[in-house]
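Q:
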Amino acid sequence: MIYVWLILSLLLCFLSLNKIKNNKLYILPFFYCFITCYSILGFEVFSYSIDVPFDLYYDINPYDNKFYVYILSSCILFIFGFSIFNIKDNYKSSFNYNIDLSRYSFYCFFIVLISYHIGYGFENIYYRQGYTISGDGVPIIRTIYTLLLPIVAILLAFDKKRIKRHFLLIILVIMVLGSSSRNVIMIPICYFIGTYLKNSKVSILQITFTILISVLLLGAVMECRNNPYQGVVPNLQYLIENGINIKKMFESINYLTSFSVFANMAVIQNFTLDLNSFFISINPLPSSFLNINNMVESQKINQYAPYPAFSTIVKSGPVFFSIYYISAGLLWGAIYKYISDKNSFIKLIILILFLVYVVMSTQYNLRGVNRLIYYSMIVIFLYKIKAILNFNLKKW
Numbered sequence: 001m002i003y004v005w006l007i008l009s010l011l012l013c014f015l016s017l018n019k020i021k022n023n024k025l026y027i028l029p030f031f032y033c034f035i036t037c038y039s040i041l042g043f044e045v046f047s048y049s050i051d052v053p054f055d056l057y058y059d060i061n062p063y064d065n066k067f068y069v070y071i072l073s074s075c076i077l078f079i080f081g082f083s084i085f086n087i088k089d090n091y092k093s094s095f096n097y098n099i100d101l102s103r104y105s106f107y108c109f110f111i112v113l114i115s116y117h118i119g120y121g122f123e124n125i126y127y128r129q130g131y132t133i134s135g136d137g138v139p140i141i142r143t144i145y146t147l148l149l150p151i152v153a154i155l156l157a158f159d160k161k162r163i164k165r166h167f168l169l170i171i172l173v174i175m176v177l178g179s180s181s182r183n184v185i186m187i188p189i190c191y192f193i194g195t196y197l198k199n200s201k202v203s204i205l206q207i208t209f210t211i212l213i214s215v216l217l218l219g220a221v222m223e224c225r226n227n228p229y230q231g232v233v234p235n236l237q238y239l240i241e242n243g244i245n246i247k248k249m250f251e252s253i254n255y256l257t258s259f260s261v262f263a264n265m266a267v268i269q270n271f272t273l274d275l276n277s278f279f280i281s282i283n284p285l286p287s288s289f290l291n292i293n294n295m296v297e298s299q300k301i302n303q304y305a306p307y308p309a310f311s312t313i314v315k316s317g318p319v320f321f322s323i324y325y326i327s328a329g330l331l332w333g334a335i336y337k338y339i340s341d342k343n344s345f346i347k348l349i350i351l352i353l354f355l356v357y358v359v360m361s362t363q364y365n366l367r368g369v370n371r372l373i374y375y376s377m378i379v380i381f382l383y384k385i386k387a388i389l390n391f392n393l394k395k396w
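Every letter in the sequence shown is one number past the one before it in my numbering, and letter 177, counting from 1, is 177.
In structure tokens, the structure reads:
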């Protein structure tokens, strides 16, 4: 039966890949099916995908049909949701180059650094014990930093001075590496996106280099995460003295692919869902109004890994599962339909939020994932307000 799931996943994967050019929302079914195919081939035909954090592969039954039924169903339901909107991606790179984006990149760079220090806490960034960051930082500022980081990486590509932009890029990588967070791989990927927007083309060499740097950075993060002391200083010192283990590089690829599959399988097969925490996960109210600590603690595979959003939705039952993915397709479809014919920076922001939503839905908790939909709706709302104000100001 496993080969049936492999063939179905491959078919849907190629179908989605073919559609992505005209509709970026096909990225979700493509990603879901790709990591499924990668994982099946990695444990059934080869053995590359079983090397994942926490040895989760040995705690699951990878041949259990339930996961495969739900993962393919989620893709179909999501496609059904956004197919109601006739979305055609008419995007053309048309930034207003009369605006000095290099100046904005410099200012935003410092805003990100400041929010990073306030959000995580100064001492936590440079030197701390263990991977987990203590409660010295400010959570809301940390969220702002996370949202601004990819935008700054994109803007740095527009800086006219090559030495300056590369210097700022290296500083940004070193600083974010101190958090031992996978956020660091957003920097080369988003810088690559910025380069494409700036030049309207990219070379095979640039694509290869971006992939290589992303894998190296992810490997570096994985290498440092288990060290007793972490932060900018200990992490840099460790990497200079020991380098990056090749095995960790491959493990870092699995972290984004097969780990996502096995973590979801682990929750579906071995864990129960606390209804109280589930309702908190889907509650749009700010965290200060809710018992977030209870939700976080009750939705953990272990000390470091939360229940992934996908598996949480599966555990809620087939009815809510169907409602959620159709609704998600409808919401993202409505958002993307609104901005599909707008050649502006707003479209790029929404696309980044959607990409983060897709990846996070397989590894992060449901509440964190749902926030990205809310953020997208807020961005659209603010954009609409700006358009209304501009229209009325022109009349005056």
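Heads up, the beta-carbon is just placed ideally off N, CA and C, and yes, glycines get one too. On a predicted model such as this, the values are computed, not experimentally measured, just so you know.
Provide the residue(s) that pair with Arg128 in DSSP beta bridges, ordered along the chain.
A: Gln230
Q: If distances are taken between C-alpha atoms only, which option among Ser47, Cys13 and Tyr48 comes closest to Phe31?
A: Nearest option by C-alpha distance: Cys13.
Q: When the Cα atoms are used, what is the spatial distance from Trp5 to Phe310?
A: 18 Å
Q: Distance, Cα to Cα, Tyr145 vs Leu169?
A: 16 Å
Q: Should Gly333 go down as buried or exposed, given a rule of 16 or more other Cβ atoms within 10 Å for buried?
A: Buried, since its Cβ has 16 or more Cβ neighbours within 10 Å.
Q: With DSSP run on the structure shown, which of helix, strand or coil describes Lys386?
A: helix
Q: Spell out whether any CB of chain D is found under 7 Å from the CB atom of Ser258.
A: Absent from the structure is chain D; it holds one protein chain and no more.
Q: Quickly, what does DSSP pair Lys300 with across the bridge? List them, please.
A: Pro306
Q: Along the chain, where does the alpha helix (DSSP H) containing Tyr57 start, and where does it finish?
A: That residue, Tyr57, is in no alpha helix (DSSP H); it is neither H nor E in DSSP.
Q: Locate the alpha helix (DSSP H) running through Leu11, then write down its first and last residues.
A: Ile2 to Lys19
Q: I want to know whether the region 248-259 touches the region 280-293 - three or more CB-CB distances under 8 Å.
A: no
Q: Can you round the beta-carbon distance between Ser267 and Lys315 to whole angstroms, since I take them to be within the 8 Å contact cut?
A: Checking the sequence, you will find Val at residue 267 rather than Ser. Indeed, because the Cβ distance is near 7 Å, the residues count as touching under 8 Å.
Q: So the candidates are Ile35, Asp55, Ser74 and Ile50; which of them puts its Cα closest to the Cα of Ile323?
A: Ser74
Q: Output yes or no for whether 7 Å exceeds the beta carbon distance between Gly178 and Ile114.
A: no
Q: Please say whether Val215 and Arg182 have beta carbons closer to each other than 7 Å?
A: no
Q: Measure the C-alpha to C-alpha separation of Leu155 and Ser376 and round it to an integer number of angstroms.
A: 20 Å
Q: Rounded to the nearest angstrom, how far is the Cβ of Ile187 from that of Val176, given a contact under 8 Å?
A: 7 Å
Q: Quick check on this structure: which residue in His117, Cys224 and Asn264 has the alpha carbon closest to the alpha carbon of Tyr57?
A: Asn264
Q: How long is the line joining the alpha carbons of Ser180 and Tyr191, rounded to whole angstroms?
A: Going by the C-alpha atoms only, they are around 20 Å apart.
Q: Taking only the alpha-carbon atoms, compute the straight-line gap between Val438 and Phe122 and give it to the nearest angstrom.
A: Because the chain in this structure spans residues 1 to 396, residue 438 falls outside the shown range and cannot be described.
Q: Straight-line CA distance for Arg371 to Tyr325?
A: 15 Å
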